[in-house]
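Positions in the sequence shown are counted from 1; adding 159 to them yields the numbering used here. A virtual CB, placed ideally from N, CA and C, is assigned to each residue, including glycine. This report concerns only the one structure given below.
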Amino acid sequence: MPSSATLTARPRAVVDDRASEVVLDRVGRSFPMRSGTHVVLHDVNLHISPGEVVVVLGASGCGKSTLLRAVAGLDTPTSGRIHIDGEPVRGAEPRCAFAFQEPLLLPWRTLAGNVAIGLPRGTPGEEGRRRVRELLGLVGLADFAGHRPRAVSGGMAQRTSLARALARNPGVLLLDEPFGALDALTRLKMQDLLLDVHAAAPTTVLLVTHDVDEALQLADRVVLLGRDAADGPVSIKDVITVPDDRPRDRGSAVLADLRAHLLEGLGVDRHNGARAR
Ligand SMILES: Nc1ncnc2c1ncn2[C@@H]1O[C@H](COP(=O)(O)OP(=O)(O)OP(=O)(O)O)[C@@H](O)[C@H]1O
Ligand SMILES: [Mg+2]
Numbered sequence: 160m161p162s163s164a165t166l167t168a169r170p171r172a173v174v175d176d177r178a179s180e181v182v183l184d185r186v187g188r189s190f191p192m193r194s195g196t197h198v199v200l201h202d203v204n205l206h207i208s209p210g211e212v213v214v215v216l217g218a219s220g221c222g223k224s225t226l227l228r229a230v231a232g233l234d235t236p237t238s239g240r241i242h243i244d245g246e247p248v249r250g251a252e253p254r255c256a257f258a259f260q261e262p263l264l265l266p267w268r269t270l271a272g273n274v275a276i277g278l279p280r281g282t283p284g285e286e287g288r289r290r291v292r293e294l295l296g297l298v299g300l301a302d303f304a305g306h307r308p309r310a311v312s313g314g315m316a317q318r319t320s321l322a323r324a325l326a327r328n329p330g331v332l333l334l335d336e337p338f339g340a341l342d343a344l345t346r347l348k349m350q351d352l353l354l355d356v357h358a359a360a361p362t363t364v365l366l367v368t369h370d371v372d373e374a375l376q377l378a379d380r381v382v383l384l385g386r387d388a389a390d391g392p393v394s395i396k397d398v399i400t401v402p403d404d405r406p407r408d409r410g411s412a413v414l415a416d417l418r419a420h421l422l423e424g425l426g427v428d429r430h431n432g433a434r435a436r
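Right under this line is the structure:
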């Protein structure tokens with residue numbers, strides 16, 4: 160039975176059948192340390208609808224990557240349960256695909272060869288080649304299929320990494336600061352690209368970022384992780400639903416209000432920078 164704090168999912172009108180539902184029920188994670196148990200996450204409750212884009216914001220070290228790893232089955236929570244489409248997560252999750260801040264491409268393979276690594280095992284050759292072409296087209300790299308990673312820009316490498324993750328046809332796409340290593344302009348372009356990709360392949364997305372504007376540009380909902388007390392465990396402090404108008408006007412008054420609210424939640428004074436706490 161879900162806890163009373165379980166957050167209600169927002170329904171979506173159009174849902175692709177490969178988009179998964181993700182439910183986190185009282186998830187906690189602690190690590191044994193020499194000085195005692197280090198509780199990182201405590202009582203995290205979240206219900207993500209199929210096809211929803213949820214962005215996780217929080218200070219460095221608060222447990223964002225730990226949370227994503229737990230959903231992917233790469234790490235096991237010490238308490239609570241995670242279900243994807245009603246099935247418990249136990250071990251590396253075939254329904255999830257991960258992309259990180261660094262694209263982690265194999266330098267000796269072409270971009271097409273790198274994307275092909277993401278194809279489900281046993282995909283027949285011709286179908287695989289068609290799918291790789293389709294995905295490279297989706298991320299705007301149709302003309303670069305034969306290039307090696309060293310011959311393309313950081314943004315192109317990251318687009319390849321996104322295509323490789325999508326090649327798995329994942330129910331859940333987990334993105335851990337995917338644009339964190341890119342320059343500001345490329346980052347904005349990648350945000351637009353991710354939205355286009357999501358419109359064409361509306362999988363469920365759980366994305367971590369430090370960037371409040373990025374969160375507001377991409378998210379259906381923004382989940383803010385934080386602590387109640389300075390040395391307390393981290394849980395969900397706030398969840399905001401971003402109005403569903405797209406394309407979003409980055410300068411709109413509504414987004415400015417939400418930005419101020421999130422910065423406050425992160426403990427950042429808009430005029431004087433981070434508060435000491
Ligand atoms: N395997 C581990 N053993 C011990 N402690 C760990 C382990 N993995 C994570 N931690 C601790 O859990 C906390 C959260 O780490 P995590 O990497 O999830 O933070 P984060 O929010 O992703 O940070 P950042 O924004 O810097 O990437 C940190 O205090 C970290 O030291
Ligand atoms: Mg992290």
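| Item | Value |
| --- | --- |
| Grab me the residues of residue 227's own chain with a C-beta within less than 7 Å of its C-beta, minus the 5 sequence neighbours each way, in chain order. | 333, 335, 365 and 367 |
| Quick check on residue 187: does DSSP put it in helix, strand or coil? | strand |
| Could you say which of 200, 394 and 306 lies nearest to residue 269 if we only look at CA atoms? | 306 |
| Does any residue of chain B bring its CB to less than 8 Å from the CB of residue 237? | Among the chains of the structure shown, chain B does not appear; only one protein chain is present. |
| Taking all protein chains shown into account, do 16 or more other C-beta atoms lie within 10 angstroms of the C-beta of residue 312, making it buried, or fewer, making it exposed? | exposed |
| Which whole runs of the beta strand (DSSP E) in the stretch 349 to 435 are 3 residues long or more, in chain order? | 363 to 368, 380 to 386 and 393 to 400 |
| Going by other Cβ atoms of all chains shown within 10 Å of its Cβ, with 16 needed for buried, is residue 302 buried or exposed? | exposed |
| Got a sec? Which residues, its chain only, sit under 8 Å from residue 277 by beta carbon, not counting five neighbours each side? | 256, 322, 323, 324, 325, 326 and 327 |
| Quick one: what's got a C-beta closer than 8 Å to residue 399's C-beta in the same chain, skipping five residues either side? | 380, 381, 383, 417, 420 and 421 |
| Where are the alpha helix (DSSP H) runs, 4 residues long or more, that stay fully inside the stretch 302 to 327, in chain order? | 313 to 326 |
| Taking the alpha helix (DSSP H) that residue 198 belongs to, which residues open and close that run? | It is not in any alpha helix (DSSP H) - residue 198 instead sits in the beta strand (DSSP E) that spans 195 to 207. |
| What is the DSSP secondary structure of residue 258, reduced to helix, strand or coil? | strand |
| Who are residue 331's beta bridge partners in DSSP? | 255 and 363 |
| Under 8 Å, do residue 187 and residue 238 count as touching if we go by C-beta distance? | yes |
| Could you check how far apart the C-beta atoms of residue 287 and residue 304 are, in whole angstroms? I think they sit under 8 Å. | Wrong, their Cβ atoms sit about 13 Å apart, outside the cutoff. |
| Whose C-alpha, out of 260, 282, 261 and 290, is nearest the C-alpha of residue 271? | 290 |
| Assign residue 184 to buried or exposed, taking buried as 16 or more other Cβ atoms, counted over all protein chains shown, within 10 Å of its Cβ. | buried |
| Is the beta carbon of residue 338 within less than 7 Å of some heavy atom of ligand 1? | no |
| Inspect the beta-carbon positions of residue 298 and residue 344 and report whether they are closer than 8 Å. | no |
| Is residue 223 near ligand 1, in the sense that its beta carbon is under 7 Å from a heavy atom of that ligand? | yes |
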